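Working notes for the structure below.
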Amino acid sequence: MNKLINNLFEKDSVIKIVSILTAILIWFVVLDANNPFEERTIAVPLTSNMDILQSRSLQIVGTQLPTSVDIKIKGRRSNIQGVTANDFKIAVDLSGVTDSGYKRISIEQPEYTGDKDIIIMGISPSSVSLNFERIIGKQYPVNVEFTGSLPAGYEIINLRVEPSNVILEEKESSISQVSKVVAYVNLDEADDNKELVIRGSVLDDDGRPLKQFEGKVPVIVTFNLAKKVPVTVTTTGKPANDHYLKSIKSSLSEVRVIGSRSVLDGIKSISAETIDITDKSESFTIPLIIK
Numbered sequence: 000m001n002k003l004i005n006n007l008f009e010k011d012s013v014i015k016i017v018s019i020l021t022a023i024l025i026w027f028v029v030l031d032a033n034n035p036f037e038e039r040t041i042a043v044p045l046t047s048n049m050d051i052l053q054s055r056s057l058q059i060v061g062t063q064l065p066t067s068v069d070i071k072i073k074g075r076r077s078n079i080q081g082v083t084a085n086d087f088k089i090a091v092d093l094s095g096v097t098d099s100g101y102k103r104i105s106i107e108q109p110e111y112t113g114d115k116d117i118i119i120m121g122i123s124p125s126s127v128s129l130n131f132e133r134i135i136g137k138q139y140p141v142n143v144e145f146t147g148s149l150p151a152g153y154e155i156i157n158l159r160v161e162p163s164n165v166i167l168e169e170k171e172s173s174i175s176q177v178s179k180v181v182a183y184v185n186l187d188e189a190d191d192n193k194e195l196v197i198r199g200s201v202l203d204d205d206g207r208p209l210k211q212f213e214g215k216v217p218v219i220v221t222f223n224l225a226k227k228v229p230v231t232v233t234t235t236g237k238p239a240n241d242h243y244l245k246s247i248k249s250s251l252s253e254v255r256v257i258g259s260r261s262v263l264d265g266i267k268s269i270s271a272e273t274i275d276i277t278d279k280s281e282s283f284t285i286p287l288i289i290k
């Protein structure tokens, strides 16, 4: 046996082959030492076709899609060190979502667009559990409710609200909580020909504002400030002999006066034109003319 081996090594071709194999083995040993296999995790932005949900009147509630996905790669150190997040494309497809409810959505396998020799080991997360709700619209009347108070004799007239009805669009679970839409007007600040731009309040059954609708219901409320005041009637002249004025009965005992609060505060009554009773000997009726 030893003789056979000695004979082989006496041949130049065998020695050359052995030398080459030994060199290759040494090269691999050096390569592994200087440029070993390593693993690395890269956070890559996650894209989606979220717009398809809007076209189907659906919305994600609660836990949202992750903004990025961790991709685990493996390769020689010199290769993986040159890999960046820009070398990958990863997306989640929402086209299969057609109705509301909880669904587990798989994240597609990443696409590597770089030129390095690497292996993709896996992604995290590989799927997400999402809750989808349908967006619905419902019409509600806008009610005007007053806070504060007016002085005695004052009132609000010609009240108008625009729009008189609003359509609220939100998640089905949010719409189900809506009881009414209210525009609050503070009477302590009421003045003539007031036009108020108000943020309408959307309330639940307990009268609590629903925060998801804050600022979504602009309302314009217009009105006039009026004051009820008595009508005073005076006379001039003297009735016929042996006659006297017993009483004056007016079909209009009071009137509403429209104006600013500063003007109305100074009005205590409204006078009608003076009635002439000169030589009157019997009861009579005359049109009452307000000055």
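In terms of numbering that gives the first Met the number 0, the sequence shown opens at residue 0 and continues consecutively. Idealized CB from N, CA, C, for every residue including glycine. Note that the structure is predicted; figures quoted are calculated from it, not measured.
Buried/exposed call for residue i, threshold 16 Cβ in 10 Å
i           : result
residue 226 : buried
residue 378 : Any question about residue 378 goes unanswered here, given that the chain covers just 0 to 290.
residue 87  : buried
residue 150 : exposed
residue 27  : Because residue 27 carries a pLDDT of 48, less than 50, the predicted location of this residue cannot be relied on, and no value is offered for it.
residue 164 : exposed
residue 68  : buried
residue 262 : exposed
residue 109 : buried
residue 57  : buried
residue 122 : buried
residue 276 : buried
residue 288 : exposed
residue 285 : exposed
residue 72  : buried
residue 59  : buried
Cut-off 8 Å between Cβ atoms - residues of its own chain near residue i, not counting five sequence neighbours on either side
i           : result
residue 219 : 160, 161, 194, 195, 196 and 197
residue 62  : 127, 128, 129 and 130
residue 75  : 34, 35, 36, 37 and 116
residue 64  : 45, 47, 49, 91, 127 and 129
residue 252 : 229 and 230
residue 238 : 244, 276, 277, 278, 279 and 280
residue 209 : 173, 176, 177, 201, 202 and 203
Distance between beta carbons of residue j and residue i, contact taken as under 8 Å
i           : j           : result
residue 106 : residue 89  : 7 Å
residue 93  : residue 52  : 6 Å
residue 199 : residue 141 : 6 Å
residue 230 : residue 249 : 6 Å
residue 180 : residue 216 : 6 Å
residue 40  : residue 79  : Not quite, the Cβ-Cβ distance comes to about 10 Å (not below 8 Å), so this is no contact.
residue 224 : residue 203 : At roughly 32 Å, the Cβ-Cβ gap does not stay under 8 Å, so residue 224 and residue 203 are not in contact.
residue 292 : residue 274 : Since the first and last residues shown for the chain are 0 and 290, residue 292 lies out of range.
Own chain partners of residue i with C-beta closer than 6 Å, once the 5 adjacent residues on each side are dropped
i           : result
residue 135 : 171 and 174
residue 101 : 130
residue 144 : 181 and 183
residue 166 : 136 and 138
residue 29  : Note on residue 29: pLDDT 48, under 50, position unreliable in the model; the coordinate value appears next. Cβ within range, chain order: n/a, list empty.
residue 77  : 34
residue 147 : 185, 186 and 187
residue 154 : 225
Sequence-distant residues of the same chain with beta carbon closer than 7 Å to residue i, five excluded per side
i           : result
residue 211 : 169 and 173
residue 158 : 143 and 222
residue 266 : 226, 228 and 256
residue 133 : 56, 57, 99 and 171
**Asked** Hey, which unbroken runs of the alpha helix (DSSP H) at 4 residues or more fall wholly within the region 166-234?
**Response** Taken in chain order, the unbroken stretches of alpha helix (DSSP H) that lie wholly in the region 166-234 and span 4 residues or more are 171-174.
**Asked** Which whole runs of the alpha helix (DSSP H) in the region 38-81 are 4 residues long or more, in chain order?
**Response** Secondary structure remark: continuous alpha helix (DSSP H) runs of at least 4 residues inside the region 38-81, in chain order: 50-54 and 76-79.
**Prompt:** Unbroken alpha helix (DSSP H) runs of length 4 or more, entirely within the region 109-178: which are they?
**Reply:** Fully enclosed alpha helix (DSSP H) runs of 4 or longer: 171-174.
**Completely contained beta strand (DSSP E) runs for the region 242-289, where each covers 3 or more residues** = 253-257, all fully within the region 242-289.
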